[in-house]
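Data block below; observations after.
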Amino acid sequence: MPEEIEVADKVGSVSVNRYAEIVAELRKLVETASRIQFTIGDYALDLSTDRRSSDTGSELRRFIDYMSVTASSGR
């Protein structure tokens, strides 16, 4: 933990210990979210590089629509 936080009694309205717990939990969530996004992208890449299909764009669009992911975050 940064030194300036260690010498404080509170961070915002929580104790330094609670702050450290919150940060640790949020780091885990960010790591999980990153893995999820990578996995979705990996599967989308599998669909878009399938050589057996001549229309991978529509297959990728169907995948995005089915997953309820917006086009901007599905690319």
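Using numbering that gives the first Met the number 0, you'd call the opening residue of the sequence shown number 0 and step up by one each time. All C-beta atoms, glycine included, are put in the ideal place defined by N, C-alpha and C. Predicted model, so just to flag it, every value in this text is computed and none were measured.
Check, Outcome
"Decide if the stretch 23-32 is in contact with the stretch 7-14; the criterion is three or more beta carbon pairs, one per stretch, under 8 Å apart.", "no"
"Quick check on S14: does DSSP put it in helix, strand or coil?", "strand"
"Under a Cβ-count criterion, where at least 16 other Cβ atoms within 10 Å of its own Cβ denotes burial, should I63 be classed as buried or exposed?", "buried"
"With a Cβ-Cβ cutoff of 8 Å, do L46 and E58 count as a contact?", "yes"
"Could you work out which residue in S33, M66, A43 is closest to G56 when comparing CA atoms only?", "A43"
"Apart from the five residues just before and just after Y18, which ones in its own chain have a Cβ nearer than 6 Å to its Cβ?", "V10"
"Quick check: what's the CA-CA separation for L28 versus I35?", "10 Å"
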